[in-house]
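Heads up: the structure comes next, in structure tokens.
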Amino acid sequence: MSKEKILYGVDATFEAVAKKATPKYKTTPGRLLSAGFMAGAFIAFGFILAIVAGCVAKYPPFAAGDTFNKALFKVLLGAVFPVGLIAVILAGADLWTGNVQFLSAAKAKRYADFKCVLYNWFGSYGGNFIGSIFLALLAVPLTGLFGHVGDPNIFGSTAVAIATGKVSKDILALFFLGIGCNWLVNIAIWQSARV
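Laid out in structure tokens, this is it:
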């Protein structure tokens, strides 16, 4: 009788996630920042691809004049943006959102103390920030992919419109949107840990 690959149960997955966190807090600061940098860059790359794909909805036959298919735009953004998270998972980069899940599990299982958790969180968050800013610089002033500062093309004006929409929301809406986004990311990371 052949053995089939069986998905871990919840307890086994939690244990695996907690154990997998051990190297994450024992790594050197340079390695932590580097892995965080890559994750930030991958997520930014996913955003850039999502903007480019989403802009398809702004051209005929999906758009007429200034009116475009907003539903198609959001579906395309949502379908393409996860490419960044897929790259993070496949490359083994350190995305802060996933590290919160992994290090919280390690702390709950007493594999890590609070100092180790904070070390990882600050290092991965810093690396994510630097990596995303680096890719933003590549996309705008260094390559012109999004146009130029003060003179954006369709991709740049779309990114500005998205950012303006985000900062125009009230703080409570942003808080709950942030919870929802981070929840979805952690579900994806949890699912990848189960196989």
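Under the UniProt record's numbering, the first residue of the sequence shown is numbered 1, with each subsequent residue one higher.
Positions of the beta carbon are idealized from the N, C-alpha and C atoms, including for glycine.
- At least 7 Å separates the beta-carbon of Gly127 from that of Phe81.
- The Cβ-Cβ distance between Ser124 and Asp170 does not fall below 7 Å.
- Look at the beta carbons and you see the segment 52-69 not touching the segment 112-119: under three pairs across the two are nearer than 8 Å.
- Per the Cβ contact rule, the segment 72-89 is in contact with the segment 48-59 (3 or more Cβ pairs under 8 Å).
- For the pair Gly144 and Ile43, the Cα-to-Cα distance works out to about 19 Å.
- When C-alpha distances from Phe14 are compared across Pro61, Lys107, Gly165, the shortest belongs to Lys107.
- As the crow flies, the alpha-carbon of Tyr8 is around 14 Å from that of Lys20.
- For the segment 72-133, the continuous alpha helix (DSSP H) assignments of 4+ residues that do not extend past its boundaries occur at 82-91, 96-108, in sequence order.
- Straight-line measurement puts the Cα of Lys58 at about 44 Å from the Cα of Tyr119.
- In the DSSP assignment, Ala63 forms a beta bridge with Phe68.
- Trp96 and Gly36 have their C-alpha atoms spaced approximately 7 Å apart.
- Counting other Cβ atoms within 10 Å of its Cβ, Val167 stays below 16 and is therefore classed as exposed.
- Shortest Cα-Cα distance from Pro60 to any of Ala50, Leu72, Ile133 involves Leu72.
- Nearest Cα to Ala136 within the set Gly150, Gly30, Ile89, Gly40: Gly40.
- For the pair Tyr25 and Asp151, the Cα-to-Cα distance works out to about 43 Å.
- If you check the CB distance, Ile179 and Gly98 do not come in under 7 Å.
- If you ignore the 5 residues before and after Trp121, its C-beta comes within less than 8 Å of the C-beta of Trp96, Asn99, Val100, Leu103, all in its own chain and listed in chain order.
- Checking the DSSP bridge columns, you'll see Pro152 partnered with Gly147.
- About 4 Å separates the CB atoms of Gly156 and Phe146; that is less than 8 Å, so the two are in contact.
- By the neighbour-count criterion, in which a residue is buried when 16 or more other Cβ atoms sit within 10 angstroms of its Cβ, Val195 is exposed.
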